[in-house]
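Right, one structure below, let's go through it.
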Amino acid sequence: MADAGKRKGGGKRRHDPRYAAPTDSELATLAGGASAAAGDLVSLQVSEMASSARVKYGSRTKALEEALFALRSALLAAAAKHVTAATVAASRVGRGVLPLSGAHFAEVELDFAPPARVDVVGSFLLRTVAKTPRGAGGSGAGASSGMNVDVACEMPASCLGKKDELNRQYADKRALYVAALAEAVAADAACRAAFDDIALVPFRGDASKPVLRLRPSGKAAKWTVRVMPVVAADAFDARRLVPSRNNVRR
């Protein structure tokens, strides 16, 4: 029987393109397909990991959002008053948690006024919060809570002096301001119902920069809300804050 790979009547094999070595373009296509398959696998793995760590908003954050609305109302309605280190130390919320610097000649006093603005900031607003196990956040404010919501309270211009950048006066006024906010929240009935714990804690271990930490109750208990006093961008002359300028003169 004649060999199927030979020409009729001859001894040479007939060339069959099905068994030819792949060309350079074919090799490139094969390599690209393998890379695409590997990339698709990595993409699937990342998508699966992201979906398991992503917080689902909507009905699952409704209780938290209601607590945030109550908090905002209480902060904006805080009564104006005169605040000193002595009045803060005598309060239940501020007792023992305001280590004022004492770097100035006279005791720092604050004519407290409600915040100019109260805004939710950070990852919760951007909907990029990742689920975090309790206790995995280190030793900073709200570290044992799992997930944080940051609320910025802008201190009104009336609370600041022209030279508060000197001798840490701003840091002390900020501490007095956040203590007054804590008292306003603790005195509000809606906030007492929405939050189980109201406390002043150091921000990321910095005792000179306290923040108000709130632990919501009920379905929002896995969250921690942190209220942070801030100032407007033009509150201080930026030329006085450059590294070459000495603002601690005592």
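When you line the sequence shown up against my numbering, it's residues 32 to 281, in that order.
Glycine residues also receive a C-beta, built at the ideal position from the N, C-alpha and C atoms.
Note that the structure is predicted; figures quoted are calculated from it, not measured.
Cα-Cα separation between Val-261 and Thr-60, rounded to whole angstroms: 57 Å
Using beta-carbon positions only, say whether Val-114 and Ala-211 come within less than 7 Å of one another. Going by C-beta atoms, Val-114 is nearer than 7 Å to Ala-211.
When we look at the beta-carbon of Arg-281 and count the other beta-carbons within 10 Å, is it buried (16 or more) or exposed? exposed
Does the Cβ of Leu-157 have 16 or more other Cβ atoms within 10 Å, making it buried, or fewer, making it exposed? exposed
Jot down the residue ranges of each uninterrupted beta strand (DSSP E) in the segment 197 to 234, minimum 3 residues, whole runs only, in chain order. Correct list: 226 to 234.
Can the beta-carbon of Phe-143 be found less than 7 Å from the beta-carbon of Lys-112? yes
Between the beta-carbon of Val-151 and the beta-carbon of Met-178, is there less than 7 Å? no
Could you give the first and the last residue of the continuous alpha helix (DSSP H) run that contains Lys-194? No alpha helix (DSSP H) contains Lys-194, which DSSP labels as neither H nor E.
Using a Cβ distance threshold of 8 Å, determine whether the segment 85 to 104 contacts the segment 205 to 225, with at least three qualifying pairs required. Yes: the two stretches touch, three or more of their Cβ pairs being nearer than 8 Å.
Beta-carbon separation of Ala-213 and Ala-105 under 7 Å? no
DSSP beta-bridge partners of Leu-243: Leu-231 and Val-258
Alpha helix (DSSP H) runs wholly inside the segment 43 to 113, at least 4 long, in chain order: Counting only runs that start and end inside the segment 43 to 113, the alpha helix (DSSP H) elements of at least 4 residues fall at 55 to 84 and 93 to 107.
Could you tell me the distance, in whole angstroms, from the CA atom of Val-139 to the CA atom of Glu-185? 19 Å
Have a look at the DSSP bridge pairing and note the partners of Val-180. Val-256
Quick check on the DSSP output: the alpha helix (DSSP H) that includes Ala-272 runs from which residue to which? At residue 272 the sequence reads Leu, which differs from the Ala that was named. Per DSSP, Leu-272 belongs to no alpha helix (DSSP H) and is neither H nor E.
Three-state secondary structure (DSSP) of Thr-115: strand
Helix, strand or coil, according to DSSP, for Ala-144 in the structure here? coil
Quick one: using the 10 Å Cβ neighbour count with 16 as the cut-off for buried, is Arg-126 buried or exposed? Legend: pLDDT at Arg-126 = 48, less than 50; position of this residue unreliable, no value from coordinates given.
Keeping to the same chain, check which residues put their C-beta closer than 7 Å to that of Ala-101; ignore five residues upstream and five downstream. Ala-221, Cys-222 and Ala-225
Within 10 angstroms of the Cβ of Asn-198, are there 16 or more other Cβ atoms? Answer buried if so, exposed if not. buried
Near Arg-103, which residues of its chain fall below 7 Å by C-beta distance, leaving aside the five closest residues on each side in sequence? Closer than 7 Å at the Cβ level, and outside the excluded window around Arg-103, lie Val-149.
Cutting at 7 Å between CB atoms, please list the residues of its own chain near Leu-272, excluding the five before and the five after it. Glu-196
Quick one: is Gly-169 buried, meaning 16 or more other Cβ sit within 10 Å of its Cβ, or exposed? Bear in mind that a pLDDT of 48 at Gly-169, under 50, signals an unreliable position, so the model cannot answer this.
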